[in-house]
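J.:
Residue numbers (the numbering used here): 1 to 105.
#1: Please report the straight-line C-alpha distance between residue 94 and residue 3, rounded to a whole angstrom.
#2: Cα-Cα, which of 69, 98, 65, 14 is closest to residue 79?
#3: Where does the unbroken alpha helix (DSSP H) through residue 18 begin, and where does it stop?
#4: Since residue 6 and residue 72 should fall inside the 8 Å C-beta cutoff, what is the C-beta to C-beta distance between them, to a whole number of angstroms?
#5: Assign residue 92 to one of two classes, buried (16 or more other C-beta atoms within 10 Å of its C-beta) or exposed (fewer than that).
#6: Are the segment 94-105 and the segment 45-54 touching by the rule of at least three beta carbon pairs closer than 8 Å?
#7: Beta-carbon within less than 8 Å of residue 100's beta-carbon, same chain only, minus the 5 sequence neighbours each way: which residues are those?
#8: With H, G and I counted as helix, E and B as strand and the rest as coil, what does DSSP make of residue 35?
#9: What are the uninterrupted segments assigned as beta strand (DSSP E) that are 3 or more residues long and contained completely in the segment 27-80, given in chain order?
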């Protein structure tokens with residue numbers, strides 16, 4: 001098992017997504033997102049290598065993986081380290097993820 005550590009931007013992304021779904025859908029949908037986001041973190045802690053390495057290879061960022069949240073068009077982006085998982089962002093699949101990461105990493 002590897003501990004999930006969320007960077008400030010990843011925590012901000014989650015807060016913004018929760019506010020968006022609360023405003024645009026309902027409190028119930030926002031709570032569903034929170035549940036899915038938290039359960040996916042737990043699942044990835046138990047199975048860290050299961051995320052897709054495709055984006056990391058494209059950007060030449062070692063060990064960068066992505067994981068889509070069930071039922072939402074959102075991706076956790078994380079870097080697998082020997083001792084922990086470094087969650088970099090939670091981004092929408094329609095966002096220009098490549099441009100965002102290239103400017104940040």
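The C-beta atom is built at its ideal place from N, Cα and C for all residues, glycine as well.
T.: Taking the geometry as given:
#1: The alpha-carbon separation between residue 94 and residue 3 amounts to approximately 28 Å.
#2: Checked all of 69, 98, 65, 14; the closest Cα to residue 79 is 65.
#3: Counting along the chain, the alpha helix (DSSP H) containing residue 18 begins and ends at 8-24.
#4: That pair is no contact at about 17 Å.
#5: Classification of residue 92: exposed, given that the 10 Å Cβ count is below 16.
#6: Contact between the segment 94-105 and the segment 45-54 is absent, because fewer than three Cβ pairs lie under 8 Å.
#7: Answer for residue 100: 89, 91, listed in chain order.
#8: The answer is helix: DSSP assigns residue 35 an H, G or I state.
#9: Listed in chain order, they are 64-68, 74-80.
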